[in-house]
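Participant: Just passing along the structure, written as structure tokens.
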Amino acid sequence: MSSLDQFAAAKLADLDAKSLRRSLKETRRDGAVHAWRDGRRVLSFCDNDYLNLSQDARVKQAAIRAIEQHGTGSGASRLVTGNHPLYAVLEARLAALKGTEDAIVFGSGYLANIGIVPALVGKGDLILADELAHACLNAGARLSGARTVPFRHNDLAHLADLLATERGQFRHCLVLIDRVYSMDGDLAPVAAISALAARHDAWLMSDDAHGIGVLPKEDPALVPLQMGTLSKALGSYGGYLCASAPIVALLRSRARSFVYTTGLPPASVAAAIAALDVIEGDPDWAVTPVVRARQFTQLLNLPNAESPIVPVVIGEAAAALAASEQLLAEGFLVTAIRPPTVPAGTARLRITFSAGHSEADVAALAEAVRRVLP
Ligand SMILES: *Cc1c(COP(=O)(O)O)cnc(C)c1O
Numbered sequence: 006m007s008s009l010d011q012f013a014a015a016k017l018a019d020l021d022a023k024s025l026r027r028s029l030k031e032t033r034r035d036g037a038v039h040a041w042r043d044g045r046r047v048l049s050f051c052d053n054d055y056l057n058l059s060q061d062a063r064v065k066q067a068a069i070r071a072i073e074q075h076g077t078g079s080g081a082s083r084l085v086t087g088n089h090p091l092y093a094v095l096e097a098r099l100a101a102l103k104g105t106e107d108a109i110v111f112g113s114g115y116l117a118n119i120g121i122v123p124a125l126v127g128k129g130d131l132i133l134a135d136e137l138a139h140a141c142l143n144a145g146a147r148l149s150g151a152r153t154v155p156f157r158h159n160d161l162a163h164l165a166d167l168l169a170t171e172r173g174q175f176r177h178c179l180v181l182i183d184r185v186y187s188m189d190g191d192l193a194p195v196a197a198i199s200a201l202a203a204r205h206d207a208w209l210m211s212d213d214a215h216g217i218g219v220l221p222k223e224d225p226a227l228v229p230l231q232m233g234t235l236s237k238a239l240g241s242y243g244g245y246l247c248a249s250a251p252i253v254a255l256l257r258s259r260a261r262s263f264v265y266t267t268g269l270p271p272a273s274v275a276a277a278i279a280a281l282d283v284i285e286g287d288p289d290w291a292v293t294p295v296v297r298a299r300q301f302t303q304l305l306n307l308p309n310a311e312s313p314i315v316p317v318v319i320g321e322a323a324a325a326l327a328a329s330e331q332l333l334a335e336g337f338l339v340t341a342i343r344p345p346t347v348p349a350g351t352a353r354l355r356i357t358f359s360a361g362h363s364e365a366d367v368a369a370l371a372e373a374v375r376r377v378l379p
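Numbering (our numbering), first residue to last: 6 to 379.
Here it is as structure tokens:
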């Protein structure tokens, strides 16, 4: 075996020993809430497709029309020739939805975050990030070269303390939060964080990946940098930032993950536009995922759900995997989330609810989860 393959084999053996190896499982979607896994048709509670729009006929038709009109790929970076006409439509729609002057669309939410953060701060600047902020915000922070200090999750006193002790030694300060924490489903205290940041002339950036489409819109006066994804409730693919005109103009020139990558395919952009049409036209559909999540937390006496995401913390990685497998055997697809995605000792079932789940689906899942809990 070459030293290269030996290296990989040793790493994999270590991951296996800790139940932390990950593998891809083929999953075929079947309508809004079902999927095929290991030859069985199961009810899925682990997509971020909260409004089932990736399977919606109107959204699919918009994507098909865009392919017929503009082709399958955009052909180049948006700054060269990849800026097909659908982009301007989507950016105007996102800015209007969020109440900002402008918006910029990226290839994905991950690409957005690793481009935005280093374009705004660098050496000599400070980043204060919630310890549970998404991996790609942390990747952006690392790429930026700014001094990065985590604050305890949703802990305003800790953030205030860091602003008081650290802020003065740095030129600019960026505060990074998720609006909805992706593995816990809880919300950031945005208004209080915004007030704190303003007091110290720190810039607030919030990642709304799990909020757009399913939670009421954030107040643009509170959050000048509103990032999110087209890949979850919007049922498409891509990322965005809604912000002031000068910020968006700066990013068009300086965000490396915007400048040096090919523009999104026309179909993805058209699907996102069509998804916004559906969401804006049917506010009752948009609130249903949170209603279903609350039904579930009530049935299991868990803290009231604040978003479509509900964690059922199990503890050890192996136990979480076993619970997930037991649920699969009962016809429910609920993935186990293990470290390093979540802190050690907090491996969990991460359950996500969508508008297409019926009350009976949720009740059946609650029964099954009760049975598999250790
Ligand atoms: C999923 C997610 C992202 C990444 O978005 P993609 O479009 O999937 O790359 C960013 N932030 C948070 C909080 C997420 O959950």
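Backbone N, C-alpha and C define an ideal beta-carbon position, used for all residues, glycine too.
1) What separation, rounded to the nearest whole angstrom, lies between the Cα atoms of F358 and K16?
2) Just the C-alpha distance for V339 and S187, rounded to the nearest angstrom, thanks.
3) Going by DSSP, name the residue or residues bridged to D212.
4) Just verifying my parser: in three-state terms, what is the DSSP assignment at S352?
5) Judging by CA-CA distance, which residue of P379, V85, S79 and V253 is the nearest neighbour of L91?
6) Once you ignore the five residues that flank A371 on each side, which residues in its own chain have a CB closer than 6 Å to its CB?
7) Thinking just about the alpha-carbon of each residue, which of P251, D43, A365 and L95 is nearest to the one in G244?
8) Which value, in whole angstroms, describes the spacing of the CA atoms of H163 and P194?
9) If V240 sits next to G114, beta carbons under 8 Å apart, how far is it from one beta carbon to the other, in whole angstroms?
10) Starting from the Cα of P271, find the closest Cα among V180, A67, P348 and I119 and give me that residue.
11) Are there 16 or more other CB atoms within 10 angstroms of the CB of Y242, so buried, or fewer, so exposed?
12) Would you say the beta carbon of C141 is closer than 7 Å to some non-hydrogen atom of ligand 1?
13) Please work out which residues of its chain come closer than 6 Å, Cβ to Cβ, to V253, disregarding the five sequence neighbours upstream and downstream, and give them in chain order.
14) Along the chain, where does the alpha helix (DSSP H) containing A40 start, and where does it finish?
15) Return the Cβ separation of R353 and P316 in integer angstroms, given the expectation that the two are a contact with Cβ distance under 8 Å.
16) Can you tell me the Cα-Cα spacing of P229 and I119, whole angstroms?
17) At a cut-off of 7 Å, is G5 close to ligand 1 when judged by its beta-carbon and the heavy atoms of the ligand?
18) Rounded to whole angstroms, what's the CA-CA distance from A279 to R63? Just pull it up for me.
19) Looking at the C-beta of L84, does it have a partner C-beta in chain D at a distance below 8 Å?
20) Reducing DSSP to helix, strand and coil, say where D130 ends up.
21) Using the beta-carbon count (16 or more within 10 Å), is V219 buried or exposed?
22) What does DSSP give as the partner residue(s) for T153 in the beta ladder?
23) Pairs of beta-carbons, one from the segment 203 to 210 and one from the segment 324 to 337, closer than 8 Å: are there three or more?
24) D35 to W41, Cα distance in whole Å?
25) Out of S258, A325, R27 and D366, state which residue places its alpha-carbon closest to the alpha-carbon of S82.
26) Could you tell me which residues DSSP pairs with L246 in its beta bridges?
27) Measure the beta-carbon distance from V122 to A146 and round it to whole angstroms, keeping in mind my assumption that it falls under 8 Å.
28) Compare the beta carbon distance of D130 and L84 with 8 Å and say whether it is the shorter of the two.
29) Would a C-beta distance cut-off of 8 Å place L227 and A196 closer than the cut-off?
30) DSSP on I4, reduced to helix/strand/coil?
31) Under three-state DSSP, which class holds V317?
32) Helix, strand or coil for L48 per DSSP?
33) Would you check whether ligand 1 has a heavy atom nearer than 7 Å to the C-beta of S187?
34) Do T351 and V318 have their CB atoms nearer than 8 Å?
Facilitator: Let's see:
1) Looking at the two C-alpha atoms, the distance is approximately 35 Å.
2) Cα to Cα, the separation comes out at about 15 Å.
3) The partner list for D212 (beta bridge, DSSP) reads D183 and M232.
4) The displayed chain sequence assigns Ala, not Ser, to residue 352. Three-state result, A352: strand.
5) Out of P379, V85, S79 and V253, S79 has the C-alpha closest to the C-alpha of L91.
6) So the qualifying residues of the chain are F301, L304 and L305.
7) Looking at P251, D43, A365 and L95, the one whose alpha-carbon comes closest to that of G244 is L95.
8) Rounded to whole angstroms, H163 to P194 spans 13 Å at the Cα level.
9) The sequence shown places Gly at residue 240, rather than the Val named in the question. The Cβ separation is near 14 Å, so there is no contact.
10) With distances taken between Cα atoms, P271 lies closest to A67.
11) Counting Cβ neighbours within 10 Å, Y242 comes out buried, since at least 16 surround it.
12) Between ligand 1 and C141, a heavy atom-to-CB distance of less than 7 Å is present.
13) Closer than 6 Å at Cβ, skipping near neighbours: D107 and I109.
14) For A40, there is no enclosing alpha helix (DSSP H); the residue is part of the beta strand (DSSP E) that begins and ends at H39 to R42.
15) So it is a contact: roughly 5 Å between Cβ atoms.
16) The straight-line gap from Cα to Cα measures roughly 18 Å.
17) Nothing in the structure corresponds to residue 5, since the chain is present only between 6 and 379.
18) A direct Cα-Cα distance of roughly 7 Å separates A279 from R63.
19) Absent from the structure: chain D. Only one protein chain is present.
20) Under the three-state reduction of DSSP, D130 is assigned to coil, being neither helix nor strand.
21) Buried: at least 16 other Cβ atoms inside 10 Å.
22) According to DSSP, T153 bridges with I132.
23) Verdict: no, contact absent.
24) Using only the alpha carbons, I get a separation of about 7 Å.
25) Here the closest residue by C-alpha is S258.
26) In the DSSP assignment, L246 forms a beta bridge with I109 and M232.
27) That belief holds up - the Cβ atoms of V122 and A146 are roughly 6 Å apart, short of 8 Å.
28) Going by C-beta atoms, D130 is not nearer than 8 Å to L84.
29) Cβ atoms of L227 and A196: closer than 8 Å.
30) Summary: the structure shown does not reach residue 4, with the chain confined to residues 6 through 379, and so no result is reported for it.
31) Strand, per DSSP.
32) Strand.
33) Indeed, a heavy atom of ligand 1 lies less than 7 Å from the Cβ.
34) Yes, the Cβ-Cβ distance between T351 and V318 is below 8 Å.
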